[in-house]
Amino acid sequence: MRVDRLAALADEIVDHRFRGLPPDASGQRVGALASAGRDLYAGGFTTPVLALSREHLDHNLRQLENFTSRHGLSFAPHGKTCMAPQLFARQLAHGAWGITVAVPHQARVCREFGVQRIFLANELVDAAALRWLSGELDADPDFQFVCYVDSPAGVTLMDRALRDAGGTRPVDVVVELAAGDEARTGARDEATCAAVAEAVAAADTLRLVGVAGYEGEVPRADSERVAAWLRRLTALATDFDAAGRFGPDVEEIVLSAGGSAWFDTVAEVFEQLPELSRPVRKLLRSGAYVSHDEGHYEELTPFNRVPEEGELRSACTLWAQVVSRPTPRQAFLNAGKRDAAHDLHLPRARTVRPADGGAERPAEGITVTKLSDQHAWLETTEDAELAVGDWVGLGMSHPCTIFDKWQLIPLVEPDGTVSDLIRTFF
Ligand SMILES: Cc1ncc(COP(=O)(O)O)c(C=O)c1O
1 MRVDRLAALA DEIVDHRFRG LPPDASGQRV GALASAGRDL YAGGFTTPVL
51 ALSREHLDHN LRQLENFTSR HGLSFAPHGK TCMAPQLFAR QLAHGAWGIT
101 VAVPHQARVC REFGVQRIFL ANELVDAAAL RWLSGELDAD PDFQFVCYVD
151 SPAGVTLMDR ALRDAGGTRP VDVVVELAAG DEARTGARDE ATCAAVAEAV
201 AAADTLRLVG VAGYEGEVPR ADSERVAAWL RRLTALATDF DAAGRFGPDV
251 EEIVLSAGGS AWFDTVAEVF EQLPELSRPV RKLLRSGAYV SHDEGHYEEL
301 TPFNRVPEEG ELRSACTLWA QVVSRPTPRQ AFLNAGKRDA AHDLHLPRAR
351 TVRPADGGAE RPAEGITVTK LSDQHAWLET TEDAELAVGD WVGLGMSHPC
401 TIFDKWQLIP LVEPDGTVSD LIRTFF
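So for the sequence shown, UniProt numbering puts the first residue at 1; every next one is plus one.
Right under this line is the structure:
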């Protein structure tokens, strides 16, 4: 990665653009605030503020590093989850091969920070974006880029745009097999996949390097259905190879699947891939694992099925403050839909830090029942201890909709010290 550009993030000025940061640090550089060793709870940070646990983050990075290396998988974590180049750098330092993205803007953020291998898990038919990509490929012979194709029509659009761009390097593509007839993108059957491959073969601007898909979209997913679809994907790779669809200049075949819900099944099925005519890069693309969560992925993580392989820890806490306690059964926090992930589940009250500086305690008898734009509605038992001014730590579900609400996130040590600030680019 570009260490100069990562380092330059420390030069940004802390000011009103960034929620939750100490008003008395306004005008300072991010690097100065990060090295000041302020305490998250008593160091002038204002509520609501999202905190990222450095310890849990590092733990999760190690878990997927270990899992992928144990199972012979390459790893391109999905960058759309956090869109934080500092976290991309940590993922790469923990053995990732590259970064996955969903849309051209995310690829641009990666390039700005010097990511050398990008897997765009989508068809890319935007002529302006393809012109940019073509320029990036020509400017840097070491830049590797792969994206999906799922239709001859898409191939035609890509080819036309890339010809107009006049670049010299072809764009590497993988044919996307849909995870079922009612699934999201992807060619619905193997015959269509073959037709897409034929279209790629006829386009000088593209080079077929593999096959891919997303088992997270298998309808009514369970281990059986996911494994069955993954076997179709590996069979497609085998058939394409046997049919000579990968050109002589393709040094490795790319086989990619895998989010954060089924990486055990992906590993199992990919391990059974027969030998192909050249090495195969088996690329896993989990993204949500990086912070994990309390809710969706807590329920779905493969480590629930294979606990001996590891476990993930929820790394994000949204700290909000009680601004009203109108009745013994009601309380309101100053954080709402603007601040908290809420698309899959409501946040969960986890801990309370009393306003008077007393010890942190579990949020017993406190339930989030609703979110307004700027408020969380709490229902409490009559004997629940909770007072105006108390800070409540909320756990949240679905990492992808946590990070996108925060542009500069304190990274917090176990003792509460803020040791860094993580910049996101959504
Ligand atoms: C195509 C694709 N690959 C990988 C992922 C990463 O999955 P997860 O968010 O479960 O880690 C996603 C997530 O939506 C995706 O759409």
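Where a beta carbon is used, it is the ideal one built from N, C-alpha and C, also for glycine. Remember, it's a predicted structure, so these values are computed and weren't measured experimentally.
Where do the N-terminal and C-terminal ends of the beta strand (DSSP E) with residue i fall, by residue?
i	result
N122	R117 to E123
residue 460	With the chain covering only 1 through 426, there is no way to say anything about residue 460.
G210	L206 to A212
Give me the residue from the options with the minimum Cα distance to residue i.
i	options	result
E311	A10, A243 and N66	N66
K80	R70, P410 and T401	T401
W391	A331, S151 and A121	A331
T168	S134, P77, M158 and R188	S134
E360	A89, G416 and G31	G416
E123	N334, Q86, P141 and A187	A187
W377	A384, V368 and E385	V368
F18	D339, M396, R313 and E275	D339
E268	M396, V226 and R278	V226
Could you spell out where the alpha helix (DSSP H) holding residue i opens and where it closes?
i	result
G135	A127 to A139
V112	The sequence as given places Glu at residue 112; Val does not occur at that position. Counting along the chain, the alpha helix (DSSP H) containing E112 begins and ends at P104 to E112.
F263	F263 to E271
R5	V3 to A8
V30	V30 to A34
Helix, strand or coil, according to DSSP, for residue i in the structure here?
i	result
C400	helix
W319	strand
W229	helix
H71	coil
R278	coil
E298	helix
S372	coil
S324	strand
Y148	strand
A197	helix
D142	coil
T81	coil
G395	strand
A51	strand
G410	For clarity, residue 410 is Pro in the given sequence; the question names Gly instead. In this structure, P410 counts as strand in the three-state DSSP scheme.
E182	coil
Indicate, with yes or no, if ligand 1 has a heavy atom lying under 7 Å from the CB of residue i.
i	result
T100	yes
H342	no
S286	yes
T317	no
C400	yes
G259	yes
H59	no
Y180	The residue asked about is misnamed: residue 180 is Gly in this sequence, not Tyr. Because no heavy atom of ligand 1 lies under 7 Å away, the Cβ of G180 does not count as near it: no.
G216	yes
H78	yes
T424	no
T68	no
Given residue i, which residues of its chain have a CB within under 8 Å of its CB, disregarding the five upstream and five downstream residues?
i	result
L236	V175, L177, E190, C193 and V211
R29	A10, D11, E12, I13 and V14
S419	A34, G37, R54, L411, V412 and E413
F113	M1, R2, R5, L6, P85, F88 and A89
Take residue i and list the residues in its own chain whose beta-carbon comes closer than 7 Å to its own, dropping the five residues that flank it on each side.
i	result
A128	none
V200	V149, V155, V173, L206 and L208
H342	L371
Cutting at 6 Å between CB atoms, please list the residues of its own chain near residue i, excluding the five before and the five after it.
i	result
T424	M83, A84, F403 and Q407
Taking Cβ positions only, does residue i come closer than 8 Å to chain B?
i	result
G310	Structure shown: chain B not included; a single protein chain is present.
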